[in-house]
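For reference, the structure is listed below as structure tokens.
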Ligand SMILES: NC(=O)c1ccc[n+]([C@@H]2O[C@H](COP(=O)([O-])OP(=O)(O)OC[C@H]3O[C@@H](n4cnc5c(N)ncnc54)[C@H](OP(=O)(O)O)[C@@H]3O)[C@@H](O)[C@H]2O)c1
């Protein structure tokens, strides 16, 4: 039996997506550098469920689908959850498979790795396409391919219709790209998962998505603190947040996550540490004042995950400005 401790799952509110399905307002991030070996990773995910996380965010690119699937099986076996439908599981289509004919097979492979019959949410990871054999960490001249956004979205709609995913959405999409999808879609994206934190507040995209009924999910809510690829200390070492946290007897991460939640956005946060996992869920029984919100608005803005590693020499996307349609 799992060790007895307070399970915070019941304290996490849910929102209803435009697909009609419910999603817990905070998710656990299964992405990131320096993942431990499989058995350890499975224990980390089981621990996250034991603490109370019910919403998990993975992707084929992260290489963590199999560990998450094994953790779900373990949680069922030890009685942490009674049914798979107590969990909300997101995965993502990687840029090697953003082509109409490759989407459904990619989703089926994802489900196979997870050992699940359906996803709760399937996202296009990025509005880009590269050759299937390309290494995303070392993209080179000739790897880039034109991205047929509407054809790929059509295949996402087919995934939804097949019942293999309960909702479909996008990630790292600008207002312009979302508008184009909405003009042509029969099923609108339920979610746009983007970087959002006090240091990159998504002042253009957030109100746009809200108006269109698309839920924004915030990745790197702590600025990807300590992450080797693009991690930043802009959130966790911010003086304004430090002062607010001290005055409320909260931690900086709690203030950062609470601010996102108060914007109507759902944070996806990663921690391998049980105490920090727990701390990150304790944001629902207190609030920020108007003065504190005004102070947070003064924080200088800079996109941390600017996508520069995806700009390929002579490729179809020439600059980060083009990748984000100028919202940079
Ligand atoms: N769609 C996309 O393109 C995309 C891109 C990036 C990320 N994501 C998703 O978003 C998730 C979260 O983003 P992220 O991993 O980039 O960054 P993050 O959640 O902003 O930051 C994670 C880092 O913060 C540390 N941390 C967590 N809680 C803490 C606390 N209470 N106090 C101090 N440090 C704390 C973690 O270290 P410890 O583990 O040591 O606690 C880890 O190094 C990812 O795992 C992934 O699922 C999606």
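Residue numbers (full-length UniProt numbering): 1 to 328. Where is the CB? At the ideal position from N, CA and C, for every residue including glycine.
Could you give the C-beta distance for residue i and residue j, rounded to a whole number, given that I count them as a contact under 8 Å?
{"i": "residue 156", "j": "residue 168", "result": "4 Å"}
{"i": "residue 303", "j": "residue 195", "result": "6 Å"}
{"i": "residue 197", "j": "residue 226", "result": "The pair is not a contact, with the Cβ atoms about 14 Å apart (cut-off 8 Å)."}
{"i": "residue 43", "j": "residue 65", "result": "Wrong, their Cβ atoms sit about 17 Å apart, outside the cutoff."}
{"i": "residue 31", "j": "residue 62", "result": "4 Å"}
{"i": "residue 218", "j": "residue 170", "result": "Contact flag wrong, Cβ pair sits at about 14 Å."}
If you check the beta carbons only, do residue i and residue j fall under 8 Å apart?
{"i": "residue 190", "j": "residue 214", "result": "yes"}
{"i": "residue 267", "j": "residue 257", "result": "yes"}
{"i": "residue 240", "j": "residue 261", "result": "no"}
{"i": "residue 212", "j": "residue 178", "result": "yes"}
{"i": "residue 180", "j": "residue 100", "result": "no"}
{"i": "residue 123", "j": "residue 193", "result": "yes"}
{"i": "residue 121", "j": "residue 111", "result": "no"}
{"i": "residue 161", "j": "residue 145", "result": "no"}
{"i": "residue 244", "j": "residue 255", "result": "yes"}
Which value, in whole angstroms, describes the spacing of the CA atoms of residue i and residue j?
{"i": "residue 8", "j": "residue 89", "result": "18 Å"}
{"i": "residue 317", "j": "residue 127", "result": "10 Å"}
{"i": "residue 94", "j": "residue 287", "result": "37 Å"}
{"i": "residue 2", "j": "residue 75", "result": "At residue 2, the pLDDT of 45 sits below 50, so the modelled position is not reliable; the number obtained from the coordinates is stated separately. C-alpha separation (whole angstroms): 9 Å."}
{"i": "residue 33", "j": "residue 273", "result": "15 Å"}
{"i": "residue 135", "j": "residue 174", "result": "24 Å"}
{"i": "residue 14", "j": "residue 313", "result": "43 Å"}
{"i": "residue 164", "j": "residue 259", "result": "33 Å"}
{"i": "residue 253", "j": "residue 129", "result": "34 Å"}
{"i": "residue 237", "j": "residue 251", "result": "11 Å"}
{"i": "residue 38", "j": "residue 183", "result": "43 Å"}
{"i": "residue 309", "j": "residue 159", "result": "29 Å"}
{"i": "residue 186", "j": "residue 210", "result": "19 Å"}
{"i": "residue 54", "j": "residue 70", "result": "15 Å"}
{"i": "residue 301", "j": "residue 324", "result": "15 Å"}
Determine the extent of the alpha helix (DSSP H) in which residue i is found, giving its start and end residues.
{"i": "residue 72", "result": "65 to 77"}
{"i": "residue 195", "result": "Unbroken run through residue 195 is the beta strand (DSSP E), 191 to 195; no alpha helix (DSSP H)."}
{"i": "residue 88", "result": "Careful: residue 88 lies outside any alpha helix (DSSP H), inside the beta strand (DSSP E) at 88 to 93."}
Between which two residues does the beta strand (DSSP E) harbouring residue i extend?
{"i": "residue 14", "result": "14 to 16"}
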